[in-house]
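Counting from 1, position 196 in the sequence shown corresponds to residue 224 in this note's numbering; the numbering is continuous, with no gaps. All C-beta atoms, glycine included, are put in the ideal place defined by N, C-alpha and C. Here's the structure we're looking at; comments come further down.
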Amino acid sequence: MMNQLLALREFATDYFNLDPDRITALAGAGSNRQYFRILIVGRPIIGTWSEDIQENEAFFYLSRILSELGVPVPRVIAVDESRTLYLQEDCGSYDALSLLADLPFEAQRPLLEKIIDALAYFHLTASSKVDFLRCYPSPIFGYSDILADLHYFETYFVKPTSLQYDAYKLRQNFERIALDVLQCGFNGLMYRDFQTRNIMVNEGKISFIDFQGARRGPCVYDVISLLFQAKLGLSAEDRNTLFRYYGEIISGQTGYDLQQLELDRDKVLPVRLLQVLGAYGRRGLVERKAHFIESITPAIENLKVLLNIPGFVERYEELSRVLNQIIYQKSQIL
Numbered sequence: 029m030m031n032q033l034l035a036l037r038e039f040a041t042d043y044f045n046l047d048p049d050r051i052t053a054l055a056g057a058g059s060n061r062q063y064f065r066i067l068i069v070g071r072p073i074i075g076t077w078s079e080d081i082q083e084n085e086a087f088f089y090l091s092r093i094l095s096e097l098g099v100p101v102p103r104v105i106a107v108d109e110s111r112t113l114y115l116q117e118d119c120g121s122y123d124a125l126s127l128l129a130d131l132p133f134e135a136q137r138p139l140l141e142k143i144i145d146a147l148a149y150f151h152l153t154a155s156s157k158v159d160f161l162r163c164y165p166s167p168i169f170g171y172s173d174i175l176a177d178l179h180y181f182e183t184y185f186v187k188p189t190s191l192q193y194d195a196y197k198l199r200q201n202f203e204r205i206a207l208d209v210l211q212c213g214f215n216g217l218m219y220r221d222f223q224t225r226n227i228m229v230n231e232g233k234i235s236f237i238d239f240q241g242a243r244r245g246p247c248v249y250d251v252i253s254l255l256f257q258a259k260l261g262l263s264a265e266d267r268n269t270l271f272r273y274y275g276e277i278i279s280g281q282t283g284y285d286l287q288q289l290e291l292d293r294d295k296v297l298p299v300r301l302l303q304v305l306g307a308y309g310r311r312g313l314v315e316r317k318a319h320f321i322e323s324i325t326p327a328i329e330n331l332k333v334l335l336n337i338p339g340f341v342e343r344y345e346e347l348s349r350v351l352n353q354i355i356y357q358k359s360q361i362l
């Protein structure tokens, strides 16, 4: 980290022709990117280091397009010639989760609706402006991407917990889910990881960060990512209220009504919920990281929603059997 800090100090000094007052390393973001807050003449900016140049290029491209559209994202100020160091606007120190956690729904609701307003605008405006071939790691959330997320769940959650299941039948169910998701009607630029940790709040202004994985896909994926975030603690009624709020915005601007969006939601729900559980399994069950272990219980509770979707159990029999085992063996899994 020291090498990256020194490199960013030198880059910032060269760009601004001033020595930074202070550089502070920021907490990791669950990736190989490293972030630093750089103070120059009392003005904070964020310095970022990442050696994944293709991912960086996607971020630079999307930041420019989204900024031009008025989507609340940080502006990229400068990029080093190596394309591994860059400076961007500082969006503040507080993410939305830190402001929303443990609050009653009525206290959460104004900020969540503000976030959904911006997300709907993102979905409605960005798709026609983005060249999806410049998205990374793929231009579209397609069949292979969906299967990869579902297999991730099997690898890092199902297998480590020694559940009894028929691997062949489970993978057949995964393939059916992937085909069903491809039938979603309302597609556009999908943020991919739209959770409250990736939404900064500064003096009432929200900013979206970590959108470099955006690509074409079902837009409801992002709404699901937000509303089913385990630590947000929303009830089923609260989630339905906010989904309807999103649906009213979209239906008012497009030909998709709420019922069509709900059908999309039911197709996509298993992909996001199982991908998240796979991530918690890897970081929690395998690597034994406390934060992720704590998130497993509410994530398992979310699985009950899948089993209550009309026709889900009949269509995905083996997966439903696995989910029931997870729910009823929760204490043993943890």
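Considering Y29, what are the terminal residues of the beta strand (DSSP E) in which it resides?
Checking the sequence shown, residue 29 turns out to be Met, not Tyr. Run containing M29: none; DSSP gives neither H nor E here.
Alpha carbon to alpha carbon, how far is A146 from D238? Give it in angstroms, no decimals.
Approximately 15 Å between the Cα atoms of the pair.
Shortest alpha-carbon distance to Y164 belongs to which of F64, Y89, L351, L175?
Measuring from the Cα of Y164, the nearest candidate turns out to be Y89.
Sequence-distant residues of the same chain with beta carbon closer than 6 Å to I321, five excluded per side
Scanning its chain for C-beta atoms nearer than 6 Å, with the 5 sequence neighbours on each side dropped, one finds around I321 the residues G312, in chain order.
Check whether the segment 64-77 touches the segment 116-132, counting contact only when three or more Cβ pairs, one atom from each stretch, lie closer than 8 Å.
Yes, the segment 64-77 touches the segment 116-132.
Between which two residues does the beta strand (DSSP E) containing V107 stretch?
Taken as a continuous stretch (DSSP letters only), the beta strand (DSSP E) holding V107 covers 104-107.
Whole beta strand (DSSP E) runs in the segment 207-262 with 3 or more residues, listed along the chain?
215-218, 227-230, 233-236, 243-246, all fully within the segment 207-262.
For D368, the three-state DSSP class (helix, strand or coil)
Here the chain has residues from 29 to 362 only, and residue 368 is not among them.
For the alpha helix (DSSP H) that E96 lies in, which residues bound it at each end?
Segment 81-97, the alpha helix (DSSP H) holding E96.
Would you grab the beta carbon distance between R300 and I252 for me? Rounded to a whole angstrom, and I think it's under 8 Å.
Contact flag correct, Cβ pair sits at about 5 Å.
Taking 8 Å as the cut-off, does the segment 345-357 touch the segment 190-203 (at least 3 CB pairs, one atom from each stretch)?
Yes, the segment 190-203 is in contact with the segment 345-357.
Range covered by the alpha helix (DSSP H) that runs through F150:
Its alpha helix (DSSP H) spans residues 133-153.
Contact set for L67: own chain, Cβ-Cβ below 7 Å, skip 5 residues either direction:
Contacts found: P48, D49, R50.
Under three-state DSSP, which class holds Y274?
In the displayed model, Y274 falls within a helix according to three-state DSSP.
Excluding the 5 residues preceding and the 5 following D177 in the sequence, name in chain order all residues of the same chain whose CB lies nearer than 6 Å to its CB.
For D177, where only same-chain residues beyond five positions count, the Cβ hits under 6 Å are V299, Q303.
Distance CB(Q223)-CB(L254) smaller than 8 Å
One thing to note: Q223 has its Cβ within 8 Å of the Cβ of L254.
Can you grab the Cα-Cα spacing for the pair C247 / A327, in whole Å?
Rounded to the nearest angstrom, the two C-alpha atoms are 21 Å apart.
Counting only beta-carbon atoms, is L191 nearer than 8 Å to chain D?
The structure shown contains no chain D, having only a single protein chain.
Counted within 10 angstroms of its Cβ, other Cβ atoms place V69 as buried (16 or more) or exposed:
Exposed, since its Cβ has fewer than 16 Cβ neighbours within 10 Å.
For the alpha helix (DSSP H) containing A55, name the first residue and the last one.
A55 -> no alpha helix (DSSP H), and no H or E assigned at all.
Can you tell me the Cα-Cα spacing of Y43 and N31, whole angstroms?
Going from the Cα of Y43 to the Cα of N31 covers about 18 Å.
Looking at E141: is its Cβ nearer than 8 Å to the Cβ of Y249?
Y249 sits away from E141, with the two beta carbons spaced by 8 Å or more.
Does the Cβ of K157 have 16 or more other Cβ atoms within 10 Å, making it buried, or fewer, making it exposed?
By the neighbour-count criterion, in which a residue is buried when 16 or more other Cβ atoms sit within 10 angstroms of its Cβ, K157 is exposed.
Buried versus exposed call for R267 [16 or more other C-beta atoms within 10 Å across all chains shown]:
Buried is the label assigned to R267, since at least 16 other Cβ atoms lie within 10 Å of its Cβ.
Among the candidates A307, L33, Y356, whose CA atom is the shortest distance from the CA of Y184?
It is A307.
Extent of the continuous alpha helix (DSSP H) to which E182 belongs
Where E182 is concerned, there is no enclosing alpha helix (DSSP H), because DSSP gives it neither an H nor an E.
Using a Cβ-Cβ cutoff of less than 6 Å, which residues in the same chain neighbour F160 once the five nearest sequence positions on both sides are dropped?
Contacts found: P167, R244.
Since L67 sits in a beta bridge, which residues does DSSP pair it with?
The beta-bridge partner set that DSSP reports for L67 consists of R50, P72.
Integer-rounded CB distance, given that Q240 should sit under 8 Å from E83
Contact between E83 and Q240 is confirmed by a C-beta separation of about 5 Å, below the 8 Å threshold.
To the nearest angstrom, how far is it from the Cα of S323 to the Cα of L270?
Going by the C-alpha atoms only, they are around 22 Å apart.
CB of D285 within 8 Å of CB of F214, strictly
In this structure, F214 does not lie closer than 8 Å to D285 by Cβ.
For Y164, name the three-state secondary structure that DSSP assigns.
For Y164, the three-state secondary structure derived from DSSP is coil.
Less than 8 Å between C-beta atoms, sequence neighbours within five positions excluded: which residues of the same chain meet that for L33?
For L33, the CB contacts under 8 Å within the same chain, skipping 5 residues up- and downstream, are I51, A53, F64 in chain order.
Put E322 into one of helix, strand or coil per three-state DSSP.
Three-state DSSP puts E322 in a helix.
Alpha helix (DSSP H) containing E315: first to last residue?
Unbroken run through E315: none, as it is neither H nor E.
Local conformation of Q192 per DSSP, three classes:
Correct three-state label for Q192: coil.
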